[in-house]
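Taking it in order: structure first as structure tokens, then the write-up.
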Amino acid sequence: MTNAAVQPGGLPPELVGLDPKWSRLVTARCRDGDRTFHLLDCNRHATGLTVVCVHGNPSWSYLWRELLAAAPSNVRVIAPDHLNMGYSDRTDADRTLSDRIDDLGALTDALGIVGPVITIAHDWGGPISLGWAQRRIDQIRGLVLTNTAVSQPSDSTPPWLITTAKSARVLRTVTQRTPAFIRGALRLSSPEPAPDIRAGFMAPYDTPERRAGIRAFVADVPLEPSHASFETLESVAAGLDQLAEVPACLFWGTRDPVFGEQYLHDFERRLPHAQVHRFSGASHFVTEDAPVAAAFWDWVEALQETGETSDSYAPQLNRSLLPSASDASPLVVELGEEGWRSIEPDLFLERVGRSAEGLGAIGAKPGDRVAVMIPPGIDLTVVLYACWQAGLVAVLVDSGLGVKNMDRALRAAHPDWLIGIPAAVTAAKGLRWGGRRIVVGEMDSRLRSVLGIERSLREIEFLGESAARQVRPIDADAVAAVAFTSGSTGPSKGVVYKAGHIGAQRDAIAELYQITEADRLVAAFAPFALYGPALGVTSIVPAMDVTKPATLTAAALGEAAAQVDATMIFASPAALQNVVATAESLAPHQRAALRNVRLIMSAGAPLRLGLLQSVARLSPSAEIHTPYGMTEILPVADISLAVRLARGPGPGVCVGRPVPNVQVRIHPLDALGLPSESATDRPHILGEVVVNGPHLKESYDRLWWTEHRSRTADQWHRTGDIGHLDRDGFLWISGRVQHVITSPDGPIAPISIEHAAERVKSVVRAAAVGVGPLGGQSLVVVIETAHRGSNPLAPAAMVKLVRAELESDGLQNPVAVLQTPKLPVDRRHNSKVDRTKVAHWADKILAGGRPSRI
Amino acid sequence: MKILVTGGTSLIGRAVIEMLTGRGDQVVAMQRSDASIGGAHVVTGAVTDMAAVSAAVQGCDAVLHLAAKVGIVGTWEDFHHTNVEGTEVVVECARSAGVQRFVFVSSPSVAHGGEALVGAVAHPADPGLTRGHYATSKALAEGYALSRHSPDMAITAIRPHLVWGPGDTQLVGRIIDRARQGRLAFVGSGAALIDSTYIDNAASALVAALDRCDVIGGQALVVSNGEPRPIADLVNGILAAHGMPPVTRRVPKSLAFAAGWVAERAWERLPLDGEPPMTTFLAEQLGTAHWFEQTHTRRLLQWEPSVSIDEGLARLAQHVADR
Chain A
4 MTNAAVQPGG LPPELVGLDP KWSRLVTARC RDGDRTFHLL DCNRHATGLT VVCVHGNPSW
64 SYLWRELLAA APSNVRVIAP DHLNMGYSDR TDADRTLSDR IDDLGALTDA LGIVGPVITI
124 AHDWGGPISL GWAQRRIDQI RGLVLTNTAV SQPSDSTPPW LITTAKSARV LRTVTQRTPA
184 FIRGALRLSS PEPAPDIRAG FMAPYDTPER RAGIRAFVAD VPLEPSHASF ETLESVAAGL
244 DQLAEVPACL FWGTRDPVFG EQYLHDFERR LPHAQVHRFS GASHFVTEDA PVAAAFWDWV
304 EALQETGETS DSYAPQLNRS LLPSASDASP LVVELGEEGW RSIEPDLFLE RVGRSAEGLG
364 AIGAKPGDRV AVMIPPGIDL TVVLYACWQA GLVAVLVDSG LGVKNMDRAL RAAHPDWLIG
424 IPAAVTAAKG LRWGGRRIVV GEMDSRLRSV LGIERSLREI EFLGESAARQ VRPIDADAVA
484 AVAFTSGSTG PSKGVVYKAG HIGAQRDAIA ELYQITEADR LVAAFAPFAL YGPALGVTSI
544 VPAMDVTKPA TLTAAALGEA AAQVDATMIF ASPAALQNVV ATAESLAPHQ RAALRNVRLI
604 MSAGAPLRLG LLQSVARLSP SAEIHTPYGM TEILPVADIS LAVRLARGPG PGVCVGRPVP
664 NVQVRIHPLD ALGLPSESAT DRPHILGEVV VNGPHLKESY DRLWWTEHRS RTADQWHRTG
724 DIGHLDRDGF LWISGRVQHV ITSPDGPIAP ISIEHAAERV KSVVRAAAVG VGPLGGQSLV
784 VVIETAHRGS NPLAPAAMVK LVRAELESDG LQNPVAVLQT PKLPVDRRHN SKVDRTKVAH
844 WADKILAGGR PSRI
Chain B
1077 MKILVTGGTS LIGRAVIEML TGRGDQVVAM QRSDASIGGA HVVTGAVTDM AAVSAAVQGC
1137 DAVLHLAAKV GIVGTWEDFH HTNVEGTEVV VECARSAGVQ RFVFVSSPSV AHGGEALVGA
1197 VAHPADPGLT RGHYATSKAL AEGYALSRHS PDMAITAIRP HLVWGPGDTQ LVGRIIDRAR
1257 QGRLAFVGSG AALIDSTYID NAASALVAAL DRCDVIGGQA LVVSNGEPRP IADLVNGILA
1317 AHGMPPVTRR VPKSLAFAAG WVAERAWERL PLDGEPPMTT FLAEQLGTAH WFEQTHTRRL
1377 LQWEPSVSID EGLARLAQHV ADR
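Listed in order, the protein sequences are those of chains A and B. Going by this note's numbering, 87 is the number at position 84 of the first sequence; the sequence numbering is gapless. Going by this note's numbering, 1144 is the number at position 68 of the second sequence; the sequence numbering is gapless.
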């Protein structure tokens, strides 16, 4: 097909975000003669690296404007418009994929680009960039792909948008006669780009003649083997093997109806060494919706850093994760329908072995991901340890996250298998979670087929029983789990651990709390409910909904303790809160069992001293410990109630000294509240808490950029918490980095302010936030009280009391004290206040906005 | 230093003259009435009278130009005459007399319309943005004064925000009057953060500006206590200092704005006395945040407020009790 009009290339008009100095016209010798390309070209005299940016359809080099704007001065960046696209020549013939690969080569030859190159491409620019790279293996130093494809994964259907647009009847109307295709593509963006940006994307495509390239580009998508470009695309896909040594990175918008995540996973299979960052919520035009330019340049910079010394620990297993079979006491005890039941170590190991073999027998390969959705108890423990035995990766998503966050987590983790109770596999069907499904428990066979369930756990174990058993030691260096953070301090992230990290965490807990095989543990705290077998101790799960910690009653805890004659209790603060509140209902034998406990451990959220003291009255002989840490590394530090009381009050919460093998440093905050790059171990300096230890996670899952930014230069973990070390080496935590109030007198940590305000009777809890510009913020205290009415201003008498408490601690005087009937808290711990939300609300109210709920 | 202070009978004029004479400066106070001001040599005359100003400024090293027509009633011609033409006269007479330092007392309202100001910095005066004759005329006057800054005569503009204290008839007086009449209500929730300046701090800032004029000439600085407060907290604090109960009545911002619009039209067209009870400008002022970044000001002036809001309210209460 030929185009109606031949037009020469030309320079673009003035457009938002585009520096006219970048634009140039370059003529290159193409297969069908000399052609003029428009390209953006910055730092063109830089002598080292060149970045080549390849756009797709329907767009043009405008797509890369932010990448050029952020380019370091020693890197040349070129972003050409393909022929018939953007401001390049409109030629007399449609161009195929193979033509476009040739065209790009002709252009880089004309530009004399012979040095090292990193490519970045979007949409159908992906195969073009890869085709170009395969012909220049000696030049290519890195490949970056964003929302693109090289093949149609066999288990999926082509994007409906493309199939619809390609159907003969609509093709010309949608893509050429009207600007509908380009307008529709931009509308995929969330939020839709501003009108001036949309105008920028549409600028070169103002007439049907100028849109012919868009139509031809769509028509060139090879959906069927007979298509002229099918073979080229196949060869580009096959040629990826040649690029196995080239560093690669996949930046992906997760809400792309064109190139959805099945294409990301296809690339992950083809380029297993590639780093991945999923930009959650970003659409097809991921560069418009997410800070891809910043991430890209960080990746390029990281690529060039070599031989940096790092303090990373090599994962290792000092002893097996599996318990020894010789012990006769029960390993896991749970409450079944017919009362308490238990499993002994020999049967446990038997079931673990059978399950591991059975999973292998139905096709699970080492490294496969298994979403484990079973409440704490015998079956969960068996499945989890079977995964480790079989070299599988357990994906652990706390159902306490809520359906929306669980859904996000499972899409991010992309499990190959899903093993769950009936409710979980039903949700998996309804929400179309990936992975072959295995049900735990009995289920009607018809229902099973409706839900797409292949096997039950019992059938898997049966399969494993008949298989020849080979017990392999667990590889310390194999990835063992992906766990999702609570999301209370940002969006829920997958955290990757190797088996060695889990072993190191087990060792840290065992050493810290002097746990021996004689101990018996009540595990009411989800992560540690799993560690009983690895610790070699009896663990019992009390009758409660583990996803809702506040459902643990004193009687349920006491009963579980009595069942195993418990020596230790692990429970979350919310659970302990309810235990204290329901202590009246304890039966005498339950009360007696709690009195015998030697250690109570509670973690996950800040704990009030008053609560701990109430717990101490129920278990007077127990040492009460509160470890400090996060999903990425737990424990970091630990303190007992007695020591905490002895330290007295101070600025923040004293979380104890670092546990053995864990190191803590402080990165001081500057005037704008940002942590500096260099660490200090001097006492009483407020800054970000940075940690390292043998049980620090491997990485964040499919979040390369997040991982990169969470590490210091020597690979320590930035916790995002702020605090300081005192003279005796105790760590004090006083808030989150993003919650620091940057007053003109320096950074203020919220927690000390909140603790002072919370001393006022009738203040349920308090949040300290800043309003105003960074570096010039004013301190505002928002208190939760049982007041009625809509007045956001606390009454004068209350303001006076709050100010007096702050003054007595030598803290800054707040400009305002606001009140609310309810401060927003996270759903997992029901205690971490969402200060960002509170700050937005306070900002609005104090600017004169209409009073509203937070 | 010998200093000409115009408009010395105002609250702030008296406070700054007392401070200057107290430290040994010579003060010539020019004003329209012949009221005596402790320690100052009083000259009567209008700032628009070139002969009178010329005579008063002879032999002075510095000028503190406070005189202005304030308030929300009056014709544009009146405001322009006193505030713009008066400033031109004082600046030019000072220049002719060889004065080296000139401090123009301005207002934060010269740079803003009705938008919320949250930790704002002092933008250049802009008569295109201002609301009301007072702010517009002061914007023109400040623009003129700063344009005449030169190495021979350093000129700086100081914009104190909402000055109050014992003896203040403007802010404190009006609040008390209205509360007594039961006519006080907050616009919106009353939570809008408002900067204010206790009188002693305003005076010490102006003295600092005279001392630092050679360094900071050509600039405009906003001065406040640097302790913004919800407007309801400040107003109820002032009421409490007078032994009066807090005001709890609130009117929606839209209603206050509408009332202001009606009142403005009525006062324009009808022979009504005094000031309208509400104007659209006032509705916005009372219902939106107005507070300023102070680090820059304090560093340039090498000055810190010495009386906090709480201390100021205590002094106000003491003043009421002594009366």
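Cβ atoms here follow ideal geometry from the backbone N, Cα and C, with glycine treated the same way.
Identify the contact partners of residue i in chain A, using a Cβ-Cβ distance below 8 Å as the criterion.
i	result
B:Glu1303	Asn816, Val818
B:Asp1309	Leu796, Ala799, Val802, Ala819
B:Asn1277	Correct list: empty, because the minimum Cβ distance to chain A is about 16 Å.
B:Asn1068	This structure does not reach residue 1068 of chain B, given that chain B is present from 1077 up to 1399, and the question cannot be answered.
What residues from chain B crowd round residue i, counting only those whose CB sits closer than 9 Å?
i	result
A:Gln878	Summary: the structure shown does not reach residue 878 of chain A, with chain A confined to residues 4 through 857, and so no result is reported for it.
A:Pro776	Val1194, Gly1195, Ala1196, Val1197, Glu1369
Mapping the DSSP letters down to three states, classify residue i as helix, strand or coil.
i	result
A:Ser624	coil
A:Cys657	strand
B:Gln1361	helix
A:Glu635	coil
A:Leu399	strand
B:Gln1394	helix
A:Asn581	helix
A:Thr715	coil
A:Arg38	strand
A:Tyr266	helix
A:Ile477	coil
A:Tyr516	coil
A:Val29	strand
Whole angstroms are fine: how far does the CA of residue j sit from the CA of residue i?
i	j	result
A:Asn864	A:Ala74	Residue 864 of chain A cannot be examined here, being either before or after the span of chain A that is shown, 4 to 857.
B:Thr1356	B:Ala1332	8 Å
A:Asp92	A:Ile217	14 Å
A:Arg144	A:Pro661	42 Å
B:Ser1265	B:Gly1363	8 Å
A:Ala789	A:Val766	8 Å
A:Val303	A:Leu602	50 Å
A:Val3	A:Leu589	A query on residue 3 of chain A cannot be resolved here, the shown segment of chain A reaching from 4 to 857 and no further.
A:Gly690	A:Ile857	29 Å
B:Val1283	A:Asp748	24 Å
A:Val19	A:Thr290	15 Å
A:Leu796	B:Ala1173	54 Å
A:Leu66	B:Thr1212	46 Å
A:Val818	A:Val774	10 Å
A:Ile381	A:Glu360	18 Å
Identify the contact partners of residue i in chain A, using a Cβ-Cβ distance below 9 Å as the criterion.
i	result
B:Gly1264	Gly851, Gly852, Arg853, Pro854
B:Ala1322	For clarity, residue 1322 of chain B is Pro in the given sequence; the question names Ala instead. The answer, in chain order, is Pro798, Ala799.
Would you mind telling me which residues of chain B sit closer than 8 Å to residue i, beta carbon to beta carbon, in chain order?
i	result
A:Ile848	Ser1265, Ala1267
What do you reckon, is the C-beta of residue i under 6 Å from a heavy atom of the ligand PLP?
i	result
A:Leu450	Here there are no bound small molecules, and the ligand PLP is not part of this structure.
Would you mind telling me which residues of chain A sit closer than 7 Å to residue i, beta carbon to beta carbon, in chain order?
i	result
B:Pro1184	The contacting residues do not exist; B:Pro1184 stays about 16 Å from chain A at best.
The segment 1148-1165 of chain B / the segment 1316-1330 of chain B touching (three or more Cβ pairs under 8 Å)
Touching, no, given that fewer than three Cβ pairs across the two stretches are closer than 8 Å.
If you measure beta-carbon to beta-carbon, which residues of the segment 1360-1383 of chain B are closer than 8 Å to chain A?
Under the 8 Å Cβ criterion, the segment 1360-1383 of chain B contributes Gly1363, Thr1364, Ala1365, Trp1367, Glu1369, Gln1370, Thr1371.
Output, in sequence order along the chain, the residues in the segment 745-771 of chain A whose CB is closer than 8 Å to any CB in chain B.
Those residues of the segment 745-771 of chain A placed with their C-beta closer than 8 Å to a C-beta in chain B are Pro747, ordered along the chain.
Between the segment 244-252 of chain A and the segment 99-115 of chain A, are three or more C-beta pairs nearer than 8 Å?
The segment 244-252 of chain A and the segment 99-115 of chain A do not touch, with fewer than 3 CB-CB distances between them shorter than 8 Å.
Decide yes or no for the touch test of the segment 766-784 of chain A against the segment 1376-1394 of chain B: beta carbon pairs closer than 8 Å, at least 3 of them.
Output reads no: the segment 1376-1394 of chain B does not touch the segment 766-784 of chain A.
At a cut of 8 Å, does the segment 252-267 of chain A reach the segment 276-296 of chain A through at least three beta carbon pairs?
Verdict: yes, contact present.
Could you say if the segment 41-61 of chain A and the segment 75-84 of chain A meet the contact criterion of at least three C-beta pairs nearer than 8 Å?
Note that the segment 41-61 of chain A touches the segment 75-84 of chain A; at least 3 beta-carbon pairs, one per stretch, sit closer than 8 Å.
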